[in-house]
Amino acid sequence: MSRRWEIAAVVVLLILAAWVRGRVADGWVYAGSDSYGYIKLADELRVHHRYALGPNEPLHFARVPGYPIFLALTKGGAPAGMNGGPGWDKIKRGQRWFDFFIALPLLFLLARRLGGPKAGLIALGIAAVFPFTVIFTAVALTESISTTLTVAAIAPLILGARRPRTWFAVAGAMVGLATLVRPDGILLASAFVPAILLLRPNARRWRERAIVGALSLAGFLVAYGGWPVRNLADFGRPIWLGQHTNRFARPLDHYQGYWSWMRTWCGGWECQTAPATCFFNPPCVPSVAEYPAAAVDGGDLPTVEKLFAERARDGLSPAVSVGFQKLADARRARHPLQVLVKLPLERAWHMWVARRDEVLPPNWRPWRQVTNRIAPHFRTLSFALLLALLLSGALLLLRRDTRGAALVLLVPIVTRSLVLPFELYSMPRYAVEVMPLAFVLIAVALALARRDGAGHGEVIKSGG
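So the sequence shown is residues 4 to 467, counted in our numbering.
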């Protein structure tokens with residue numbers, strides 16, 4: 004393919020991406036309860052330079068500040084409330100262009116480096132229209148920004164592998180920014196393990212690896228270190244990754260026991276919605292009758308009912324948390340493989356293969372004439388994406404010329420897909436953040452398979 008045709012194709016795909024994102028955002032925005040908490044934090048930060056939920060609220064520590072800072076910068080003083088307001092349009096525009104000017108070009112360059120121009124165009128084409136990632140550019144939640152920062156954190160590990168001291172430090176800083184937006188951004192650090200181990204060998208390879216690792220950590224601390232330092236100064240402890248919150252963005256104390264108990268019976272993601280929301284938000288009163296049969300072993304029923312009654316009377320007390328923790332410990336001891344292996348893997352499966360309708364209520368959807376037609380097929384599409392990811396990853400791992408880069412791309416995907424479900428954070432939208440890495444793997448595998456099938460012997464090196 005000539006450079007002229009390649010540039011023309013890139014321009015066409017970028018125009019398509021911009022049009023699709025604009026069309027999705029036209030007249031539509033999804034804002035959940037978390038969104039309003041973020042906006043309160045952003046407004047108080049902008050107006051009074053305090054990180055708090057309001058002028059009469061205490062300083063906040065439960066949510067990391069990256070997304071509120073982004074909202075303060077993009078929305079400014081424009082209102083964004085339950086009844087609408089121009090602030091929503093500014094939020095969507097900021098997320099849309101953040102994705103357009105950072106994620107899309109980097110995806111193209113990554114795939115092009117690994118598989119040639121056609122791979123770059125395939126990756127860009129998928130990213131331009133793939134609904135699971137496109138939709139979140141118009142959702143007032145952290146997913147879109149976190150997805151862009153995921154690409155920005157991983158790309159330097161491959162594109163900058165020939166100058167690792169510089170570019171790995173940049174990647175470390177991007178991991179820091181990603182962790183400021185979502186605490187699970189720290190999982191991106193897993194990609195540095197294969198990236199550093201696979202640096203081109205030299206006479207002092209371990210010394211060089213140690214230097215690059217230290218510079219990567221320094222980049223992370225420069226970007227992220229201000230948050231724990233602020234917490235140490237204001238609260239006497241660093242509070243590195245925030246704390247679990249309720250639907251009103253207020254920190255939850257004594258939630259751990261109930262959360263541990265849910266991990267012993269929940270095999271999907273629905274338990275993280277109504278059962279968790281009700282239990283953590285009085286005056287809602289949880290009832291055993293509303294829980295699935297798997298939630299209560301026969302002998303546990305009286306204890307669960309007693310703890311629910313205590314929760315209704317005393318709220319989220321230490322005694323209630325301890326009671327549920329004892330139940331969780333006992334169930335884990337009785338069924339270790341189910342609790343520690345089977346259920347986390349089931350949650351991982353449902354995080355990837357799902358209806359993908361968390362932000363698409365039937366009466367409020369973007370671009371309805373298109374979304375209503377394709378939404379019934381989202382589960383099939385999500386299965387196809389997972390299958391293509393697994394096949395593409397296996398193919399690239401088998402090839403010596405792409406194995407290193409494939410590891411750098413696959414490790415953060417696998418880490419996220421195992422760690423979050425194990426800890427009972429497995430909503431389908433939590434897989435969106437690493438989907439662009441899957442697009443690169445799929446595009447490169449398709450381009451190289453086509454080239455091999457055509458009998459070409461040229462190999463595109465991975466840049467390591």
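Glycine included, each C-beta is placed from N, C-alpha and C at the ideal position.
Since we're looking at a predicted model, the values are computed, not measured.
Secondary structure at GLY318, three-state DSSP: helix, strand or coil?
GLY318: coil per DSSP, three-state reduction.
Decide if SER429 is buried, meaning its Cβ has at least 16 other Cβ atoms within 10 Å, or exposed.
Classification for SER429: buried.
Quick one: what's ALA55 bridged to in DSSP?
LEU62, per the DSSP bridge assignment.
CB-CB under 6 Å to GLY222, same chain, minus the five flanking residues each way: which ones, in chain order?
Result list for GLY222: ALA172, GLY175, ALA176, in chain order.
At the level of alpha carbons, what is the spacing between PRO167 and ALA198?
Going from the Cα of PRO167 to the Cα of ALA198 covers about 9 Å.
Determine the direct distance from the alpha carbon of ALA448 to that of ALA391, and round the result to whole angstroms.
Their backbone Cα atoms lie some 9 Å apart in a straight line.
Leaving aside the five residues before and after ALA21 along the sequence, list all residues of the same chain whose C-beta is less than 7 Å from its C-beta, in chain order.
The answer, listed in chain order, is PHE103.
Taking the C-alpha atoms as reference points, what is the distance between HIS247 and TYR41?
Each residue's alpha carbon lies about 14 Å from the other.
Leaving out the 5 sequence neighbours to the left and right, which residues in its chain are closer than 6 Å to ALA12 when beta-carbon positions are compared?
Around ALA12: LEU124.
Using a Cβ-Cβ cut-off of 6 Å (strictly less than) and excluding sequence neighbours within five positions of LEU109, which residues of its own chain qualify?
The residues are VAL154, ALA158.
Whose CA, out of LYS95, ALA114, GLY245, lies closest to the CA of THR405?
Checked all of LYS95, ALA114, GLY245; the closest Cα to THR405 is ALA114.
So what does DSSP say about PRO231, is it helix, strand or coil?
Reduced to three states, the DSSP call for PRO231 is helix.
Check for me: the alpha helix (DSSP H) holding ALA446 runs from which residue to which?
That run of the alpha helix (DSSP H) goes 438 to 456.
Decide if GLU273 is buried, meaning its Cβ has at least 16 other Cβ atoms within 10 Å, or exposed.
With fewer than 16 other Cβ atoms within 10 Å, it is exposed.
Give me the Cα-Cα distance between TYR294 and PRO254, rounded to the nearest whole angstrom.
For TYR294 and PRO254, the distance between alpha carbons rounds to 25 Å.
Just list the beta strand (DSSP E) runs in the segment 289 to 339, keeping only unbroken ones of 3 residues or longer that don't cross its boundaries, in chain order.
Counting only runs of 3 or more, we get nothing.
Quick test of the definition: if touching needs 3 or more C-beta pairs under 8 Å, does the segment 344 to 354 touch the segment 257 to 264?
The answer is no - the segment 257 to 264 does not touch the segment 344 to 354, with fewer than three Cβ pairs under 8 Å.
Let me know the secondary structure DSSP gives THR418 once reduced to three states.
Residue state, collapsed to three classes: helix.
Shortest alpha-carbon distance to LEU138 belongs to which of PRO369, GLU436, GLN328, HIS51?
According to the sequence shown, residue 138 is Ile rather than Leu. The residue with the shortest Cα to Cα distance from ILE138 is PRO369.
Could you give the C-beta distance for GLN259 and SER324, rounded to a whole number, given that I count them as a contact under 8 Å?
Yes, they are in contact, since the Cβ atoms of GLN259 and SER324 sit about 6 Å apart, within 8 Å.
Should SER465 be labelled buried (16 or more other beta-carbon atoms within 10 Å of its own) or exposed?
For SER465, the predicted structure reports a pLDDT of 43, less than 50, and the residue's modelled location is therefore unreliable. A value from the coordinates is still provided. Buried, because 16 or more other Cβ atoms sit within 10 Å of the Cβ of SER465.
Can you list, in chain order, the residues of its chain whose CB lies under 8 Å from that of GLU47, leaving out five sequence neighbours each side?
For GLU47, where only same-chain residues beyond five positions count, the Cβ hits under 8 Å are ARG53, TYR54, ALA55, LEU56, GLY57, PRO58, GLU60.
Check PRO369 in the structure and name its three-state DSSP category.
It is coil, neither helix nor strand.
Helix, strand or coil for VAL67? Go by DSSP, reduced to three states.
VAL67 falls in the coil class under three-state DSSP.
Please determine if the segment 345 to 365 and the segment 134 to 152 are in contact, where contact requires at least 3 C-beta pairs separated by less than 8 Å.
Yes, the segment 345 to 365 is in contact with the segment 134 to 152.
How about SER219 and PHE195: do their beta carbons lie closer than 8 Å?
Contact flag set, yes.
Spatial neighbours of THR169 within its chain, please: CB distance less than 7 Å, with the 5 preceding and 5 following residues excluded, ordered by chain position.
Only GLY163 meet the Cβ criterion.
I think LEU107 touches SER38, with their Cβ atoms under 8 Å apart; what is that distance to the nearest whole Å?
Actually they do not touch by this definition, with Cβ atoms about 24 Å apart.
Whole angstroms are fine: how far does the CA of LEU319 sit from the CA of VAL225?
Rounded to whole angstroms, VAL225 to LEU319 spans 37 Å at the Cα level.
Output needed for HIS257: all residues of its chain with C-beta closer than 6 Å, excluding positions within five of it in sequence on either side, in chain order.
Here the set comprises LEU319, PRO321, SER324.
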